[in-house]
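Residue numbers (the UniProt record's numbering): 1 to 773.
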């Protein structure tokens, strides 16, 4: 979300309502937390959001990617796997590292990677030439097939197509690195192979310019075979890497493949027809027959059936759906026939939102990557310097032919020190982990969430919808001051028609089941976390907890005993006031989710401190906490109190995660080190969180943490391999061990090692797909 609050002109009025680009919360222009980027000023609700923005501003102001554009090539956005800020609407190469740009969201019907096809052609057409040049260089003087001077010309003839045609993309990228002043792996490859080839051409065409010390086996030594073999091996490495990288998008492709292509629409006259999915609109009535996929998100209006939602939620057990239940597009109808009314279509469906979140997470940069970026930024220049030192050190102090040794060892240094493995180390792990999480009902907003989740030691959980089902049942109403139970329920339900809270929906449903006539509420006002106010039939009503009653100046002592009894039984109690007087109380119970005890046990096993914070009364909170074995709980907390609780634990040095599902949880979700939203909750909560559990099952937190651990370990393996590889390879290529061991590294072996290093990093990242979580 981009909020262009100030483009260098007059600042907005202090009362102007703006949006925090990080969490989406409303803020005003007089907020103490603000930051400027590219001449635009952005305002934030908290210091935490400001810091997140300043760390990675492009993540929050870059245009969102609509999953629906993945089906249209003209809408595809391309980016670099290593430099995520690079975005363009057409294929090409990254101006910073030279890597081929990839579509952010791959299409199902996309053709084979054109670069993969091109490199395959260049490799296979020139491979025979490389083999012949290699054989002539290695064994030509032993086989005595031709004059040595003639052999140099033959090698030149055979190697030229390999270097100048097969290696042309590499030299083009090398030139771009100089033009863009962004040295990268292609800088090293271009300099290394170019130096070997040009030296050999001069030695063949004008051998007289070289001193006799350069002669070997009756001719000036040429290294066409080194240049040709390096090009061929680099092509092999690129082919392996491109094929491996294509597998990292498998998760998104599998998600795209879930969506059905058509839907069966029931027209107003009762006739039915199959229409393309793109022709389905909100409000359409659709039939879902047994064995078919639900086309879009909607609500069941007729029939009942069991739906397999495993492809979305990761839960293998089919879920029974009846009239009034919501269904998710792309889930499989296993038995009965359903008629649904479409509620969300296109990019608004759960599946499209999941695809967008996975794509965003895969293309985000982990904090650990910043270290690698800083190293890679100076690495290439350092390698060029080491290569020059190697060349002159061997030339002046090495054995004869010293300058030949210097040239070959310098080329070996340039080739083996390719920083590609370093650059790919974390992005590949993030891409695979994001896809793995999505297939198991865990959505990460960005790479930072994956990296930070494993550090969490304190988890604050909301009660309703998080620990409990969030689909409560009405228990009873108790009247006071002359109000009957029926009148208390009718008035409360009339007022609650405008509320989004799950408890409100339960009260409204209970009144309708009793055929009570509800009236329209006017001047409806939601006091988030404490209750609601409004006017019904000219009477001023207030419905909520004791905090709301205190704010209204209404005593609750007359019903304190009944309220405490109901709370002790685990029910949530709400007070109803009419025209400033207590009218009664309503009790609603919300059963604990069957999976919650197991989830809490798994979290405790890994040392996470669980704290419950709920807007319900203290007695109700105590009852639920006792059932679940939660030692620390807080009742009747407002959104500001949850936010303060997060801040308190953070001030104590704890890494805090907040799990919730409602609008009142949004500030705390944004403030927490890791915000975790239940997928069954509100859009505001999910937009404020870094992790979303599609199923709304707390066990997903433990599983997501295990995935975080596995991902970070994988990233460390990749980075460690890249660092160790260069730490050992560069000195060996420079000939540091020659004096003591006689070891030198051929540029051809260096090229092979360089190619395999990148492929091995990607292959190691792909192992995450088999991680057990």
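Where a beta carbon is used, it is the ideal one built from N, C-alpha and C, also for glycine. In this text the structure is predicted, and so the values were computed from the model without any measurement.
Bounding residues of the alpha helix (DSSP H) (the contiguous stretch that carries residue i)
i           : result
residue 630 : Neither: residue 630 is in no alpha helix (DSSP H) and is coded neither H nor E.
residue 494 : 485–496
residue 181 : Per DSSP, residue 181 belongs to no alpha helix (DSSP H) and is neither H nor E.
residue 652 : Careful: residue 652 lies outside any alpha helix (DSSP H) and carries neither H nor E.
residue 738 : 738–741
residue 48  : 47–55
Nearest-angstrom beta carbon gap, residue j and residue i [assumed within contact, 8 Å]
i           : j           : result
residue 96  : residue 182 : 5 Å
residue 429 : residue 188 : Incorrect: roughly 24 Å between the Cβ atoms, too far for contact.
residue 735 : residue 744 : 6 Å
residue 532 : residue 559 : Contact doesn't hold; Cβ gap of about 19 Å is too wide.
residue 783 : residue 603 : Residue 783 lies beyond the residue range present for the chain, which begins at 1 and ends at 773; the question has no answer from this structure.
residue 280 : residue 296 : 6 Å
residue 201 : residue 156 : 6 Å
residue 337 : residue 287 : 7 Å
residue 381 : residue 608 : Actually they are not in contact, since the Cβ atoms of residue 381 and residue 608 sit about 44 Å apart, beyond 8 Å.
residue 567 : residue 617 : 5 Å
residue 341 : residue 278 : Their Cβ separation, rounded to whole angstroms, is 18 Å, which puts residue 341 and residue 278 out of contact at 8 Å.
residue 332 : residue 307 : 7 Å
Residue i - DSSP class collapsed to helix/strand/coil
i           : result
residue 335 : coil
residue 32  : coil
residue 88  : strand
residue 715 : helix
residue 557 : helix
residue 450 : helix
residue 160 : helix
residue 42  : strand
residue 443 : strand
residue 431 : helix
residue 74  : With a pLDDT of only 39 at residue 74, under 50, the local geometry of the prediction cannot be trusted, and no value is derived from it.
residue 258 : coil
residue 764 : helix
residue 677 : strand
residue 69  : Because the pLDDT at residue 69 is just 33, under 50, the model does not fix this residue reliably, and the point stays unresolved.
residue 223 : coil
residue 773 : coil
residue 120 : helix
residue 326 : strand
residue 515 : coil
residue 671 : helix
residue 266 : strand
residue 207 : helix
Where the beta strand (DSSP E) through residue i begins and ends
i           : result
residue 402 : From DSSP, residue 402 is part of no beta strand (DSSP E) but of the alpha helix (DSSP H) over 402–416.
residue 276 : 272–276
residue 285 : 285–288
residue 589 : 581–589
residue 541 : 539–544
residue 347 : No beta strand (DSSP E) holds residue 347; DSSP gives it neither H nor E.
residue 321 : 319–321
residue 534 : 531–536
residue 302 : 297–302
residue 458 : 458–461
residue 698 : Segment: none, residue 698 is in no beta strand (DSSP E) and carries neither H nor E.
residue 473 : 473–479
residue 308 : 305–308
residue 574 : 571–578
residue 693 : 691–693
Cβ of residue i within 9 Å of any chain B Cβ
i           : result
residue 744 : No chain B is present in this structure, which holds just one protein chain.
Residue i Cβ short of 8 Å to the ligand SAM heavy atom set
i           : result
residue 632 : Among the ligands in the structure shown, none appear at all, so the ligand SAM cannot be discussed.
Counting beta carbon pairs with one atom in the stretch 575–587 and one in the stretch 476–495, are three or more of them shorter than 8 Å?
Enough Cβ pairs lie closer than 8 Å, so yes.
Would you check if there are 3 or more beta carbon pairs closer than 8 Å linking the stretch 126–136 to the stretch 220–237?
A contact exists between the stretch 126–136 and the stretch 220–237.
Inspect the CB distances between the stretch 609–627 and the stretch 452–467 and report whether three or more fall short of 8 Å.
When C-beta atoms of the stretch 609–627 are compared with those of the stretch 452–467, three or more pairs fall below 8 Å, so the two segments count as touching.
Completely contained beta strand (DSSP E) runs for the stretch 594–649, where each covers 3 or more residues:
Within the stretch 594–649, complete beta strand (DSSP E) segments of at least 3 residues are found at 609–613 and 632–634, given in chain order.
Counting Cβ pairs, one atom from each stretch, are 3 or more of them under 8 Å apart for the stretch 410–418 and the stretch 642–655?
Contact between the stretch 410–418 and the stretch 642–655 is absent, with fewer than three C-beta pairs closer than 8 Å.
Decide if the stretch 691–702 is in contact with the stretch 442–450; the criterion is three or more beta carbon pairs, one per stretch, under 8 Å apart.
The stretch 691–702 makes contact with the stretch 442–450; the number of CB pairs closer than 8 Å reaches 3 or more.
Determine, using beta-carbon pairs with one atom in the stretch 624–643 and one in the stretch 502–518, whether at least three such pairs fall under 8 Å.
No, they do not touch.
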